[in-house]
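Residue numbers (this note's numbering): 31 to 457.
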């Protein structure tokens, strides 16, 4: 048996990455301008109800964005209300989904408008492929619906349409019933076909006023907000996705043996960790040909507090700390993964009682190379990639990489009395 305390682990140094940083200076002013573009006939708004959607992800400035939308429609004498558009998230209950919004600072007091949270849907039609199309009952009853969502790559599906406005019409506003149907149908058809099919029906039948597409930079801040009238969403969303991909953060190196992740969670990604960042989008066990980065083993140290034990995506990792398995909300994770048709996301890695034991094991799994020379990276989470800890293996490569600055020298890892890492990232 290996004596883990005697394994000579790699030293780590810190690098800082530089990404493009476009940023919206005045969110409320930009939203006002974009909503004026969407609302082609504002004189028709007085007295009309407007459902404003909010999803379950940790979107930058979402409370400010939502309140700005509410205030805009109030200024036009319309009657806005907020609808959680988050499929089966929040434990697939109306109360759970309202509680998720409250954690983002969105409630009836802060928004000064009603929040209508329900898991009930109406069936608006049969899609051409033969399955029912579901839509949130409160949004279906509104005179207008404004779809508000972040545009970003999907963690499982690749195509011209991934996560954004059209997916929210499909999964978010479909609630659990719709999400369950669509995830099953996607097994028989492509994601692209189903999202386009359902979005087309929703746009045709559900009084969609338009969409606010939220774009974020690599620093988790709002890079742009684009208003799209309903008749432009299908054509324009693919272009916005291409633009977003140029703004995304990334790991600095294309190959590593071990990636240490401090925390995963639903507030970070639908799969806990962003699969486009860790190179596990097309195959959860390894990068496929042409996919980078190529990471052999992933070790997860913990969960975010905001994920409340829903560790969906933990199955992507090979190793985790015992605190992860001890803090699971297995019911929420089970519901989420079954609804999404992604049961492997709930499979559990080998767990360890301490970081030292996990890292020593990971170095052993790296093959017949000295543990101190293992290529390893350490990040806080897949959203926070400006500063990264790198093992000494990458020292020369880091010095030669444009846009990468070494900000701290290589030093040994430090552990507390229980064998857990002394944190190198700010909370």
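Just so it is clear, CB atoms sit at the ideal spot from N, CA and C, and this is done for glycine as well. Note that the structure is predicted; figures quoted are calculated from it, not measured.
The DSSP-derived three-state label of residue 71 is coil.
For residue 114, the uninterrupted beta strand (DSSP E) run begins and ends at 109 to 114, by DSSP. Nearest to residue 323 by alpha-carbon distance, out of 309, 37, 330 and 394, is 309. Taking the C-beta atoms as reference points, residue 240 is found no nearer than 9 Å to residue 253. Under the DSSP assignment, residue 227 falls in the alpha helix (DSSP H) whose first and last residues are 221 to 235.
The beta carbon of residue 295 is closer than 7 Å to those of 302, 333, 334, 336 and 337 in its chain, skipping five residues each way along the sequence. Here residue 71 is exposed. Its C-beta has fewer than 16 other C-beta atoms within 10 Å.
Annotated as distal: residue 383 and residue 396, with beta-carbon spacing of 9 Å or more. Straight across, the Cα-Cα distance linking residue 96 with residue 353 is about 35 Å. Around residue 44, the same chain offers 417, 418, 419, 420, 436, 437, 438 and 454 as residues with beta carbons nearer than 8 Å, after the five sequence neighbours per side are excluded.
Here residue 264 has 196, 226, 229, 230 and 233 as same chain residues with Cβ atoms under 8 Å from its own Cβ, once five neighbours each way along the sequence are excluded. Beyond the five residues adjoining it in sequence on each side, residue 245 comes within less than 8 Å, by CB distance, of 180, 181, 252, 253, 254, 255, 256, 270, 273, 274 and 277 in the same chain, given in chain order.
DSSP lists 411 as the bridge partner or partners of residue 414. Just so you know, the alpha carbons of residue 63 and residue 125 end up roughly 34 Å apart. Rounded to the nearest angstrom, the Cβ distance from residue 175 to residue 238 is 5 Å, consistent with a contact under 8 Å.
With a contact defined as Cβ atoms closer than 8 Å, residue 449 and residue 386 qualify at about 4 Å. Sixteen is the threshold: when 16 or more other Cβ atoms of the shown chains lie within 10 Å of the Cβ of residue 299, as they do, the residue is buried. The beta carbon of residue 108 sits closer than 6 Å to the beta carbons of 75, 78 and 80 from its chain, once the five residues preceding and following it are set aside; these are given in chain order.
Per DSSP, the unbroken beta strand (DSSP E) holding residue 179 starts and ends at 174 to 180. Contact between residue 130 and residue 145 does not hold, since the beta-carbon distance rounds to 11 Å and is not under 8 Å. At the C-beta level, residue 102 and residue 283 stay beyond 9 Å of one another.
Note that the C-beta distance between residue 379 and residue 344 is below 9 Å. In the three-state reduction of the DSSP assignment, residue 259 falls in the strand class, which pools E and B.
DSSP, read as helix, strand or coil, puts residue 439 in strand. Relative to residue 110, the option among 377, 213 and 171 whose CA is nearest is 171. When rounded, the separation of the alpha-carbon atoms in residue 86 and residue 134 is 9 Å. Burial is judged here by how many other beta carbons sit within 10 angstroms of a residue's own beta carbon; residue 373 has fewer than 16 and is exposed. Under the three-state reduction of DSSP output, residue 331 falls in the coil class, being neither helix nor strand. When C-alpha distances from residue 391 are compared across 290, 339, 306 and 163, the shortest belongs to 290.
One thing to note: residue 358 has its Cβ no nearer than 9 Å to the Cβ of residue 371. In the DSSP annotation of this structure, the continuous segment of the alpha helix (DSSP H) that includes residue 356 starts and ends at 352 to 356. Membership of residue 155 in the beta strand (DSSP E) is indicated by the continuous run 151 to 156. Cβ contact annotation for residue 206 (same chain, cutoff 7 Å, sequence separation greater than five): 117, 118, 122, 149 and 369, in chain order. With contacts defined as CB atoms closer than 9 Å, residue 247 and residue 432 fail to qualify as a contacting pair. Residue 434 is a Cβ neighbour of residue 46, given a cutoff of 9 Å. Annotated three-state conformation of residue 164 is strand, per DSSP.
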